[in-house]
Amino acid sequence: MLPRVYINKQRLAHARMLLNNTAKQIAEISLECGYENTSYFISLFKKNTATHRQPQEPKLLFKDPNQLLPTPAPARSLLKKMKILIIGATGTIGKKLTTTFSSRGHEIITAGRTAGAIQVDISSPESINKMYTATGNIDACICTAGTGYYGPFDTMTSEQMEPGLKGKLLGQVNLVLLGKQYLNAGGSFTLTSGIAAEHPARNGTCVAMINGAINSFVLGAAQEMKQERRINAVSPGLVEDSKDRYGAFFPGYNLVPMDKLANAYILSVEGAVNGKILKVYS
Ligand SMILES: NC(=O)c1ccc[n+]([C@@H]2O[C@H](COP(=O)([O-])OP(=O)(O)OC[C@H]3O[C@@H](n4cnc5c(N)ncnc54)[C@H](OP(=O)(O)O)[C@@H]3O)[C@@H](O)[C@H]2O)c1
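In my numbering, the protein residues as written are 69 to 350.
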C-alpha cells in the first residue's frame, strides 16, 4: 500500500472513532485529522467509510444578512451555558427572549424599570452601575428597553426628543460603556434599534434618528472591543405580538414572526458575529 493511501486510511479511521464516540463538531474533527477543508473531508469520508454518525455540512442560520432561517435545536452538550442579563425583560420582545434563552439552558437575569429581578432605569448611569454591581460578571447583555418620541416633525421639540435620546439611545450606549468591565471575555452585547432607522413611518423622525445612531454606535464600538467581546444590534420590524398595539401606526409594514426575531438575538448571543446590524423586517 502506498504511504499516502495508508496515512489517509489512518486519518479516516481516527475520524470515525471521534464521530462515534465524541460530541465534537465536524469542523473540529476535520482539523484534528489533518483536513483543513471540511467539505473535502466530508466527501472523502463518505466515499471511504460508513459510520453511525455521518458528517454533514453545518446548517447556516443566515444565507445572507437579511435572510433568517429557523435555528436548529441546540445539541445541549455543545452549547455553553451562559449568564445572560436581559433589560426590558417584561416588555413584548423581552418576554419572548426570556422564554427563548431560558429554554436553551441559559441562566437569565431579568431587569426592567418597574419589574424584573433587578430594577434599573437605563437613562441613569448611577442606576446602570447599581445593576451591574448586583449582577456581577455576565456572559451576555441584551437590551430591549426604551422607546422614542412619535409625533409630527413640524412641531417636534428637543424637549420631546430628550427622553428617547436619554433612554433608548444614551441608555444603551451607557449599558455598554459601563458594562464592558463586567462582560466576560468572549461575551456579547446585543442592543435593539428598529426598522425606522431605514424606513421611518409617518411621525417617526425622532425614532429613526435614535435607531440609526444605535446602529452606528455598534459599528464603531465593535472595532474596538477587547478580549473577543462582541457587540451587535438587532433591528426589528413591526413584530407579531405588537400588532394590536402599534399596527395602526405602521400601515404597510410586514409583521415579523416572534421566533424569527428571537433567532437574530440567538445569533448575536450564541454565534460569533460582531459589529452586525441584524435586520429582521418581515
Ligand atoms: N415591538 C415592535 O414591533 C418593535 C419594532 C421595532 C423596534 N422595536 C424596539 O424594540 C424595543 C423593545 O420593544 P417592545 O415592543 O418590547 O417594548 P415594550 O413592550 O414597551 O417594552 C419595553 C421594556 O423596556 C422597559 N423600559 C423602558 N424604558 C426603560 C428604562 N428607561 N429603563 C429600564 N427599562 C425600561 C419597560 O419596562 P417598564 O414597563 O417597567 O417601563 C419594558 O419592560 C424598543 O426599543 C422598541 O423601540 C420594537
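Cβ coordinates follow ideal geometry from the N, Cα and C atoms, glycine included.
Query	Result
Which value, in whole angstroms, describes the spacing of the CA atoms of T182 and A213?	12 Å
Apply the 10 Å Cβ neighbour rule to N134 and answer buried if 16 or more other Cβ atoms are within range, or exposed otherwise.	With a pLDDT of 48 at N134, under the threshold of 50, the modelled position of that residue is not reliable, and no figure is offered here.
Say the cut is 7 Å; is the CB of Y200 nearer than that to a heavy atom of ligand 1?	no
Would the beta-carbon of T225 be found less than 7 Å away from any heavy atom of ligand 1?	no
Within the continuous alpha helix (DSSP H) that includes E175, where are the two ends?	Not the alpha helix (DSSP H): E175 falls in the beta strand (DSSP E), residues E175 to G180.
Assuming C101 is part of the beta strand (DSSP E), what are its boundary residues?	Unbroken run through C101: none, as it is neither H nor E.
So which of I75, S303, T273 and A208 has the shortest CA-CA distance to S226?	T273
Based on DSSP bridge pairs, tell me the residues matched to L251.	I206
For A83, which option in Y103, L70, M69 and T223 has the closest C-alpha, if you only look at C-alpha atoms?	Y103
Taking all protein chains shown into account, do 16 or more other C-beta atoms lie within 10 angstroms of the C-beta of M69, making it buried, or fewer, making it exposed?	exposed
Let's see if you can read the secondary structure: which residues bound the alpha helix (DSSP H) around P325?	From DSSP, P325 is part of no alpha helix (DSSP H); its letter is neither H nor E.
Where do the ends of the alpha helix (DSSP H) carrying F270 lie?	Correcting the residue type first, residue 270 is Arg in the shown sequence and not Phe. R270 -> no alpha helix (DSSP H), and no H or E assigned at all.
Report whether the distance from the Cβ of D189 to the nearest heavy atom of ligand 1 is below 7 Å.	yes
How would you call S296, buried or exposed, if buried means at least 16 neighbouring beta carbons within 10 angstroms?	Here the sequence assigns Glu to residue 296, which means Ser is not the residue at that position. Looking at its Cβ environment, which holds fewer than 16 other Cβ atoms inside 10 Å, E296 is exposed.
Between Y314 and ligand 1, is there a pair consisting of the residue's CB and a ligand heavy atom that are separated by less than 7 Å?	yes
Is the region 316 to 335 in contact with the region 276 to 293, if contact means three or more CB pairs nearer than 8 Å?	no
Using a Cβ-Cβ cut-off of 6 Å (strictly less than) and excluding sequence neighbours within five positions of Y349, which residues of its own chain qualify?	I263 and G305
Check whether the Cβ of K236 lies closer than 7 Å to any heavy atom of ligand 1, and answer yes or no.	yes
Can you tell me where the beta strand (DSSP E) holding I345 begins and where it ends?	I345 to V348
Is there at least one non-hydrogen atom of ligand 1 closer than 7 Å to the beta-carbon of V356?	Residue 356 falls outside the range modelled here, since the chain spans only 69 to 350, and no answer is possible.
Quick one: measure Cβ to Cβ for L153 and C209, integer angstroms, because I've assumed they're closer than 8 Å.	5 Å
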